Amino acid sequence: MLDIKNDTSQYKTITKLLEIVNDKNIEISPFIVDIGAHDGVFLSNSWPFVSELAWSCIAFEPNPTSFLELQKNYWAVLDTMSLEQCRDGCYIPVNMAVAPNSGETNLNFDNDSMLGSVVYRKSKSCLVKTISPKDLVEKFALEDKRIGILTIDTE
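Okay, so the sequence shown: first residue is 0 according to numbering that gives the first Met the number 0, each after it adds one.
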């Protein structure tokens, strides 16, 4: 039975997911791919699994400011864990956007928000690297991994 003490997800998504998983006795692989991880904590669908259960996670965040926070938050948790607690490398933060094609794109955002968009014009923008789903699977050898949770939260 999976149990999370601190559900950081928006709308208590993790709590609802775990109710279904536990009720139906579904086994989930302890591996998450988090696309749009933001700072890794605020409204995060992966944070409790990594911080409480030591699951492995590949987290993608294109916004450079959010990515720095993401690294800081996760390295702080990993510093408290023993090697035995980490599974398959624990955590890989990736400063890229997942997009239809690998390459680069403009990420637009407001001065007062770290939330970004490739579609809507905002007051600031920066060039970010992108990776296609196909290239993501190849680069991180995901064809051989059983992904337990895939979470996608993008603007």
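Glycine is no exception: its CB is placed at the ideal position from the N, C-alpha and C atoms. Everything numeric in this text was worked out from a predicted model, so none of it was measured.
- When DSSP states are grouped into helix, strand and coil, Val32 belongs to the strand group.
- Look at Val40 here: in three-state DSSP terms it is coil, with no helix or strand label.
- The region 12-32 makes contact with the region 46-62: 3 or more CB pairs, one atom from each, lie closer than 8 angstroms.
- A straight-line Cα-Cα distance of about 15 angstroms links Asp152 and Pro99.
- Nearest to Tyr90 by C-alpha distance, out of Trp74, Thr104, Lys23, Glu103, is Trp74.
- Under the three-state reduction of DSSP output, Ala75 falls in the helix class.
- In the three-state reduction of the DSSP assignment, Ile19 falls in the helix class.
- In this structure, the CA atom of Thr7 is about 17 angstroms from the CA atom of Ser65.
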